[in-house]
Amino acid sequence: MLKKFSVTNFKNFKTRITFELGRPANYEFNSEIVQNNTITKGIIYGINGSGKSNLALAIFDIVLHLTDKEKSIDKYYPYLNLDSNKKEADFEYVFEFEGSELIYQYSKTDPMSLVNEKVIIDGQEVINYDYLRKSGYTNLSGAENLLLLSPMSNESDKLSRVKYIKNNAILNETKDNKVFLAFTSFVDNMLMFYSLDEKRYQGLCVGAESFTQGIVREGKIEEFELFLKEKQVDYNLVAVEVYGQKELCCKFNNSVVPFYTVASTGTKSLALFYYWYLKMSKASFVFVDEYDAFYHFELSQDLVKLVKQLSGTQVFFTTHNTDLLSNELLRPDAYFEIENNKISSFDKKTEKELRFAHNIQKMYKAGAFNG
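The numbers in this note's numbering rise by one with no breaks, and the one at position 185 of the sequence shown is 246.
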């Protein structure tokens, strides 16, 4: 799991900002959102322009060079902070796998150009490569003799050596190698999607697919119909072939029409969320930006309750909806606010001892977490 993430000189983050997930408080309520001493479900607040979306892009920057999964590279420009003279952005991820700590550090000048990268497992450096000097090494068992320096052109120099080792080395069965492979698998299964854009996502999969056709393909029409009914949206759903493709449709007394032609914007957004929810059990880390832009506050709460049931998957949302600030839904160490190039959980933003009975929303509106 991801326990901590830091980035410097990326987009609006001129100085180092750290997203800390490995220091949960000792709350006894909603304990299911903490696994391996790590927060696994959370909600991030912040005014427009504070960096909520940029935080997501920063965390998912790792997907760009370590995987062959879907990428939204255009969203990464401009890449470096425009007020800084520094020539690269620095990233650091702290993970825990199999009881071991893995730290992955790297720097880039743009979305696809690495300057250096380093992997440290339990304090021992196992991969180090400098792309400017074209030198480095690995001491992972089974990869020691792998040639990291390529005699090929500059295009080869952009290839992540971590990805190269993962794809080309026959690693021996050691503890470090198990941790390393768990790390690469985690990154392969990260997912970021946008509730306001049905076609944009990053990680986990490859290629575009209609979310309505995806629900049909997964054989989840009846389940989705029930899901909508529980949210007070009553449709009779069927699969109909349209232009050679099975399409999700709504059946009325006198006609059958494609779902997307009659569904409201909010219902389409809900269908998109459901489509990705079907895949979340296979994901390692999920980030949903402005997930409830079209939802009534009770529906927003229901979706958080839904993902709380996912075990082993970290899921984080951004929102402006303060109605979600409730100890019945999450807990103070799972609510975060990003402001002034800093992100902190609510329990770290006050000296007051927060308890279950506290009205977190009322305290937030009163400025209790401005410290």
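Glycine residues also receive a C-beta, built at the ideal position from the N, C-alpha and C atoms.
- Message: According to DSSP, is Met-341 part of a helix, a strand, or is it coil?
- Response: helix
- Using three-state DSSP, classify Lys-236 as helix, strand or coil. helix
- Proximity to Phe-430 [Cα-Cα], best of Thr-76, Gly-107 and Thr-101: Gly-107
- Looking at Leu-298 and Gln-274, is the spacing between their C-beta atoms short of 8 Å? no
- Using DSSP bridges, identify the partner residues of Ile-108. None, per the DSSP bridge assignment.
- Thinking just about the alpha-carbon of each residue, which of Phe-358, Phe-80, Gly-264 and Asp-144 is nearest to the one in Lys-343? Gly-264
- Query: On the three-state DSSP scale, how would you describe Thr-379?
  - Reply: strand
- Item | C-alpha gap between Val-303 and Glu-284, whole angstroms | 22 Å
- Message: At the level of alpha carbons, what is the spacing between Asp-433 and Leu-125?
- Response: Because the chain spans 62 through 432 in this model, residue 433 falls outside it and cannot be assessed.
- Counting only the same chain and skipping the five closest in sequence on each side, list residues whose C-beta sits under 8 Å from that of Lys-307. Gln-274, Val-277, Arg-278, Ala-300 and Val-301
- Query: Are the beta-carbon atoms of Leu-163 and Phe-156 separated by less than 8 Å?
  - Reply: yes
- Query: Taking only runs of the beta strand (DSSP E) that begin and end inside the stretch 136–190, which ones reach a length of at least 3 residues, in chain order?
  - Reply: 150–158, 161–171 and 174–182
- Member of Thr-235, Leu-220, Ile-231 and Ala-332 whose CA lies at the smallest distance from the CA of Ile-182: Thr-235
- List in chain order: all unbroken beta strand (DSSP E) runs of 3+ residues lying wholly within the stretch 348–415. 375–379, 396–400 and 403–406
- Give the secondary structure of Phe-417 by DSSP, where H, G and I count as helix, E and B as strand, and everything else as coil. coil
- Message: DSSP three-state label for Gln-274, please.
- Response: helix
- Once you ignore the five residues that flank Ile-134 on each side, which residues in its own chain have a CB closer than 8 Å to its CB? Leu-125, Pro-172 and Met-173
- Item | Close beta carbons around Ser-111, own chain, < 6 Å, minus the five adjacent residues each side | Ile-399 and Glu-400
- At which residues does the beta strand (DSSP E) containing Ala-429 begin and terminate? Segment: none, Ala-429 is in no beta strand (DSSP E) and carries neither H nor E.
- Report yes if the C-beta distance between Val-223 and Glu-186 is below 8 Å; otherwise report no. no
- Message: Along the chain, where does the beta strand (DSSP E) containing Lys-307 start, and where does it finish?
- Response: 306–312
- Task: From the DSSP output, read off the bridge partner residues of Pro-85.
- Result: Pro-85 is not bridged to any residue.
- Task: Alpha carbon to alpha carbon, how far is Gly-197 from Asp-144? Give it in angstroms, no decimals.
- Result: 32 Å
- Per DSSP, which one or two residues make a beta bridge with Val-95? Ile-100
- Within its chain, find whatever has a CB closer than 6 Å to the CB of Leu-116; leave out the 5 residues flanking it on each side and keep chain order. none
- Item | Backbone secondary structure at Ile-231 - three-state DSSP | coil
- Which two residues bound the contiguous alpha helix (DSSP H) that contains Tyr-321? 320–323
- Is it true that the CB of Asn-250 sits closer than 8 Å to the CB of Leu-201? no
- Message: Are the CB atoms of Phe-158 and Ala-243 within a distance shorter than 8 Å?
- Response: yes
- Query: beta strand (DSSP E) containing Ala-300: first to last residue?
  - Reply: 298–303
- Item | Limits of the beta strand (DSSP E) - the one that Val-68 falls within | 63–69
- In the DSSP assignment, find the unbroken beta strand (DSSP E) run with Leu-252 in it and report its ends. 251–255
- Please go through the same chain and pick out, in chain order, the residues whose beta-carbon is closer than 8 Å to the beta-carbon of Lys-148, but skip the five residues on each side of it. Leu-141 and Thr-170
- Message: Suppose you measure from the CA of Arg-84 to the CA of Lys-369; what does that come to, to the nearest Å?
- Response: 19 Å
- Quick one: residues in its chain with C-beta nearer than 6 Å to the C-beta of Gly-203, no 5 flanking neighbours on either side, listed in chain order? Ala-230, Ile-231, Leu-232 and Asn-233
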